[in-house]
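K.L.:
In order, the protein sequences belong to chains R and Y. Just so you know, the first sequence maps onto residues 754 to 1254 in our numbering. Just so you know, the second sequence maps onto residues 754 to 1254 in our numbering. This structure is in structure tokens; I'll ask about it shortly.
2 protein chains.
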Amino acid sequence: MKNEELYALLRRRGVLWPSAEIYGGTQGLYDYGPLGFALKRRVEEAWAAWFVGLSHDYHLIEPAEILPEAVVRASGHLENFTDPEVTCESCHSVFRAETVLEKVRPEGVDGLTPAQIGEILSSNHVKCPTCASLALSVPRPFNLMFGLDWGVTGKERAYLRPETAQGSYLSFSRMWDVGRRALPLGIAVIGKAYRNEIAPRQVLFRMRAFTQAELQIFFDPAGFSVPFDRVRDELLPVLRVDRRERGEEAPELVRAGDLVASGGLPEFYVYHLVHTVRFFRDVLGYPADRIRLFEKSDKERAFYNRIQFDVEVRLESLSGYKELGAVHYRGDYDLSRHSQGSGKDLSVHPTGREPLLPHVLELTFGVDRNIWGLSDLHLGTEGERTLWKLPSYLAPVAVGVFPLIAKEHAPYALALADELAALGIPAQYDAGSSIGKRYARMDEAGTPFCLTVDGETLAEGPTKDTVTLRFRDTRTQERVARTDLAARILPALRPPRPART
Amino acid sequence: MKNEELYALLRRRGVLWPSAEIYGGTQGLYDYGPLGFALKRRVEEAWAAWFVGLSHDYHLIEPAEILPEAVVRASGHLENFTDPEVTCESCHSVFRAETVLEKVRPEGVDGLTPAQIGEILSSNHVKCPTCASLALSVPRPFNLMFGLDWGVTGKERAYLRPETAQGSYLSFSRMWDVGRRALPLGIAVIGKAYRNEIAPRQVLFRMRAFTQAELQIFFDPAGFSVPFDRVRDELLPVLRVDRRERGEEAPELVRAGDLVASGGLPEFYVYHLVHTVRFFRDVLGYPADRIRLFEKSDKERAFYNRIQFDVEVRLESLSGYKELGAVHYRGDYDLSRHSQGSGKDLSVHPTGREPLLPHVLELTFGVDRNIWGLSDLHLGTEGERTLWKLPSYLAPVAVGVFPLIAKEHAPYALALADELAALGIPAQYDAGSSIGKRYARMDEAGTPFCLTVDGETLAEGPTKDTVTLRFRDTRTQERVARTDLAARILPALRPPRPART
């Protein structure tokens, strides 16, 4: 589906809509409705089961979303977390430099100075997109953080966090003390981050408040041991810098072992690339041939990242590859900066070792962007039907429960829905209109199972307390005893977990 | 335990700690560690199972945390969401008027004008708590919302939401359209709210960023039908305004039916009071004799609340009753204000009825405050042991899994922990120090079950694949087959749900 068509369907079904819609919407903010919120929660749970599940020493925490000024000064965000913006000196419109340069410089402006960007603007005679005059200013850095007056004096400043990762760095020494005092130690956060984007767009792709799921793995720089043999033969769809420089856009499949042996990447890094691809392919169910591991060059990546591959997925609604996650080897940048900034030495002293400052491997995942990805790739038409082929464990509603005839079968169906809900199975009762229309609504919502209570369910005899179980994808039906339902349905609702390291 | 003692224990165990602790902490902000985050998530899930579970037409959504200025102007927060603050004109310290008046006016300052508060200050010769001079200013209203510069022009303003409820009101017409178009319709939100508190204190009790769980029930003012007979004989611990005015502080037990028949309260309101008390008593496990339904008088409650009872619980650590939730009958104030503010008529047209503007019953619950309450009431010492007697379905870790001898039994124990985790049972492996110390750590974390893998588990014969299951509260142990474990443990992990209306 096209972007606008997909967004209209998601709005109509109450998956998401513009925030403060009755006031005309708030640019860059969206509200999740019942289906969208449930889907989002299940995606978060699947992410946690997979990535936090990588080790018994990885843990989820919930740090505050607000950072005092000293923290963002130390992290470098106060100085560097900027996006170049240009102003039209004729009509006063404001644009991201990257956006106005999209046609003449599709590769973006990462790594260019404001003066260089200004030079490209003028040598290409780029006009103001609003008034078409040749009056675009030289770019100036615009800080994307939202600042707050903090406290009552009007003198303190704090900031909405621009990334969830900072909370993990700030918590590292406390986590070391309350845990096993051993590396690797993983700290995961799922939560909101905030950026005052100059030009929010593409619905969930450039929002001003968005949800990240991030795992920071703190490890001993002298060695991060992983069971690499288990993944050595896995093929990864990589697009490395050398091939990008030759103008290629399609990934090539490379053995994990070769990325280490001849590709110059460390084992621990490739091991986590493999698990990241498995998550997108095997857990979220994205088609393997749409996934690309896009290597960022020295100039493109943040200077503190030693290695960075973005996980990109080709989406029809947005006409190309979009970044949905990334794997960053951040070195000791963050702990080193916060050691300096706070005056507290964040190095640790593992048993039998000299004190050391851990390095960080960051696995990052855009929750909202993947809600969009799961809509783009799994929601579509099949013959007459609109069908959301979500993996069962991601479906907002696991089971639709219907009375065949509302008057006669409603009490049984309601009690059945409650019974399933009490077992932790998200069940939704629906008695509106015909059975066919109820199936259609559930298909559109991605519900993998539907149960219908009918005369046989209530009659005496061999079919008593049996219901019709109908499967979304195949539309096949079978008769199942009420007492067998949970055992049939529950296993399909458990997200996959990795083998532990 | 005393406040400081309890807070020290929670910090030491990594339940929570001051945010940005290595920078000296951020006043009014706390981070949840692994145990605290898991507990918080389970409390939220138990709240949702109970309150959203009240009807098939109640739904959880996730609206944005940021509100544009037009919204808070319409809601009245821009004008009225203030707390009187006083400044010492000698030392320039700033205080909440309520705080400096605590001793001379323990009932608070709700409903007083700044001039009246100033009068009380001067007639009582109240001194500055910092420098002891008699130079406290007349109070001025201090707006508690955090404002943001929104967008790139520097001219737009937006605000961090001061309560989650606004998102439900803004979403009401969309929810009406995507739902059954019938009343009552419930919209629930669990999420952060932000207030620039003049004097954050008491750890989780007055924070600048905190989590609320709120259910807004939109109903037909001509009638909100509830199955009142089911609750008529329930005794509720109420402290009504008339008894408060006579100086009484203890609640009296009153039949729900009498609160309607002679107490002047509507059935729908008392019905929800009953379910609220049941939640605190039966789901969170607070002792019944510590709960009090505290009625707010005309002057104390917000002017748009027609009826308000706070749910208060007596906590040892804070030396008295503390508000942990509330039931507000807000009338049509919110939809009416947003109809005016947005220019969009928010009245609805149920089948066979004239258009009407729904009224709102708000059930509100402070998640962080209840984390504190669950610590205060359930965490303590019993003989030699420190024990957190959380209900099993709230425990951060459901099962501790130990190898008796790490070297021999670790692989089996690790695989067992993974097997339980894959079934959705929060399991934590622990091989550190002695079995006794592992039990002690799990007792302190509130873990209801521990499993020990030993020689018998691995030996051939009748005890093969059996483990020792040990219960937290009784310390009793029994031998259980691995294949029976999930069936023994899972039912204890499901939070109670109400009978559906």
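Where a beta carbon is used, it is the ideal one built from N, C-alpha and C, also for glycine. Bear in mind that the values here come from a model prediction, so they are computed numbers and not experimental data.
How would you label C1203(R), buried or exposed, when you count the other beta carbons within 10 angstroms and need 16 or more for buried?
P.N.:
Label assigned to C1203(R): buried.
K.L.:
At which residue ranges does the segment 1083–1149 of chain Y contain complete alpha helix (DSSP H) runs of 4 or more residues, listed in the order of the chain?
P.N.:
DSSP runs (the alpha helix (DSSP H)) wholly in the segment 1083–1149 of chain Y: 1086–1095, 1120–1131.
K.L.:
Measure the C-alpha to C-alpha separation of F1017(R) and Y1074(R) and round it to an integer number of angstroms.
P.N.:
Note on residue identity: the sequence assigns Gly, not Phe, to residue 1017(R). One C-alpha to the other measures close to 25 Å.
K.L.:
Under three-state DSSP, which class holds E916(Y)?
P.N.:
The answer is coil: DSSP assigns E916(Y) none of H, G, I, E or B.
K.L.:
Nearest by alpha-carbon distance to V1036(R): which of V796(R), R765(R), Y912(R) is it?
P.N.:
Here the closest residue by C-alpha is V796(R).
K.L.:
Would you say H1091(R) reaches chain Y, if we count a Cβ-Cβ gap shorter than 8 Å as a contact?
P.N.:
Yes, its Cβ sits closer than 8 Å to a Cβ of chain Y.
K.L.:
So what does I819(Y) bridge to, in DSSP terms?
P.N.:
I819(Y) pairs with L913(Y).
K.L.:
Could you confirm whether any beta carbon from chain Y is found closer than 8 Å to the beta carbon of A888(R)?
P.N.:
A888(R) does not count as touching chain Y.
K.L.:
Just to make sure I have the definition right: I need the residues of chain Y whose C-beta is within less than 7 Å of the C-beta of H1257(R). Which are they?
P.N.:
Residue 1257(R) cannot be examined here, being either before or after the span of chain R that is shown, 754 to 1254.
K.L.:
Take every Cβ of the segment 913–923 of chain R, pair it with every Cβ of the segment 933–950 of chain R, and state whether three or more of those distances are shorter than 8 Å.
P.N.:
As far as the Cβ criterion goes, the segment 913–923 of chain R touches the segment 933–950 of chain R, which means the pair count is three or higher.
K.L.:
Using a threshold of 8 Å, state whether the C-beta atoms of L1026(Y) and L989(Y) are closer than that.
P.N.:
Yes, they are a contact pair.
K.L.:
Excluding the 5 residues preceding and the 5 following P1004(Y) in the sequence, name in chain order all residues of the same chain whose CB lies nearer than 6 Å to its CB.
P.N.:
Taken in chain order, the residues that qualify are P990, V991, L992, R1045.
K.L.:
Roughly how many angstroms separate the alpha carbons of G751(R) and K1049(Y), rounded to a whole number?
P.N.:
The structure shown does not extend to residue 751(R), since chain R is modelled only from 754 through 1254, so no value can be given for it.
K.L.:
Anyone know if the C-beta pair for P1244(Y) and W803(Y) falls short of 8 Å?
P.N.:
Contact: no.
K.L.:
Assign A1159(R) to buried or exposed, taking buried as 16 or more other Cβ atoms, counted over all protein chains shown, within 10 Å of its Cβ.
P.N.:
So A1159(R) counts as exposed.
K.L.:
Are the beta-carbon atoms belonging to T1219(Y) and R1232(Y) less than 8 Å from one another?
P.N.:
Yes, the pair counts as a contact, with Cβ atoms nearer than the cut-off.
K.L.:
Of all the options D1098(Y), D1196(Y), F971(Y), G1096(Y), which has the alpha carbon lying nearest to the alpha carbon of E1137(Y)?
P.N.:
With distances taken between Cα atoms, E1137(Y) lies closest to D1196(Y).
K.L.:
Tell me whether S1145(R) is buried or exposed, calling it buried when 16 or more other Cβ atoms sit within 10 Å of its Cβ.
P.N.:
Buried, by the Cβ-count rule.
K.L.:
Is there a Cβ of chain Y sitting closer than 8 Å to that of R1250(R), yes or no?
P.N.:
Yes, its Cβ sits closer than 8 Å to a Cβ of chain Y.
K.L.:
Within a Cβ cutoff of 6 Å, which residues of the same chain sit near E822(R), ignoring the five residues on either side of it in sequence?
P.N.:
Around E822(R): R910.
K.L.:
Taking buried to mean at least 16 other C-beta atoms within 10 Å of its own C-beta, is R1190(Y) buried or exposed?
P.N.:
First, the residue type needs correcting, since residue 1190(Y) is Lys and not Arg in the sequence shown. By the neighbour-count rule (16 or more Cβ atoms within 10 Å), K1190(Y) is not buried but exposed.
K.L.:
Do W1125(R) and A1198(R) count as a contact pair if the criterion is CB distance below 8 Å?
P.N.:
No; because the gap between Cβ atoms is not below 8 Å, this pair is not in contact.
K.L.:
Spell out whether any CB of chain R is found under 8 Å from the CB atom of I870(Y).
P.N.:
It does not: the Cβ of I870(Y) has no partner Cβ on chain R nearer than 8 Å.
K.L.:
So G767(R) packs on R927(Y), CB below 8 Å; how close in whole Å?
P.N.:
Going by Cβ atoms, the distance from G767(R) to R927(Y) rounds to 7 Å, so yes, they are a contact pair.
K.L.:
Please work out which residues of its chain come closer than 7 Å, Cβ to Cβ, to A1284(Y), disregarding the five sequence neighbours upstream and downstream, and give them in chain order.
P.N.:
Past the boundaries of the shown model lies residue 1284(Y); chain Y is included only from 754 to 1254, so the question cannot be answered.
K.L.:
Under 8 Å, do N1242(Y) and A1151(Y) count as touching if we go by C-beta distance?
P.N.:
In the sequence as displayed, the identity of residue 1242(Y) is Ile instead of Asn. Yes, Cβ-Cβ distance for I1242(Y) and A1151(Y) is below 8 Å.
K.L.:
Taking V1206(Y) as the reference, which of V847(Y), M898(Y), I1188(Y), V1064(Y) has the closest Cα?
P.N.:
If we check each option's Cα against that of V1206(Y), I1188(Y) comes out closest.
K.L.:
Please return the same chain residues whose Cβ sits closer than 8 Å to the Cβ of A801(R), not counting the five positions on each side in sequence.
P.N.:
The residues are L813, A941, I943, A966.
K.L.:
Along the segment 792–813 of chain Y, what residues have a CB closer than 9 Å to any CB found in chain R?
P.N.:
Flagged, chain order: K793, R794, A802, G806, H809, H812, L813.
K.L.:
Would Y1086(Y) count as contacting chain R if we go by Cβ distances under 8 Å?
P.N.:
No - not a single Cβ of chain R is within 8 Å of the one on Y1086(Y).
K.L.:
Here's the rule: buried if 16 or more other CB atoms are within 10 angstroms of the residue's CB, otherwise exposed. What is C841(R)?
P.N.:
When all chains shown are included, C841(R) counts as buried.
K.L.:
Consult DSSP for Y1278(R) and reduce its assignment to one of helix, strand or coil.
P.N.:
With chain R represented from 754 up to 1254, any question about residue 1278(R) goes unanswered, as that position is not in the structure.
K.L.:
Please confirm whether E855(Y) and F848(Y) have their CB atoms less than 8 Å apart.
P.N.:
No, these two residues do not count as a Cβ contact at 8 Å.
K.L.:
May I have the straight-line CA-CA distance separating F925(Y) from C884(R), to the nearest angstrom?
P.N.:
Each residue's Cα considered, the two are about 39 Å apart.
K.L.:
Taking 8 Å as the limit between beta carbons, can you name the residues of its chain near G1000(R), skipping five residues before and five after?
P.N.:
Once the five neighbours on either side are set aside, G1000(R) has no close Cβ partner at all.
K.L.:
Leaving out five residues on either side along the sequence, give the residues of the same chain with a beta carbon under 7 Å from the beta carbon of V979(Y).
P.N.:
The residues are E1020, F1021, Y1024, T1254.
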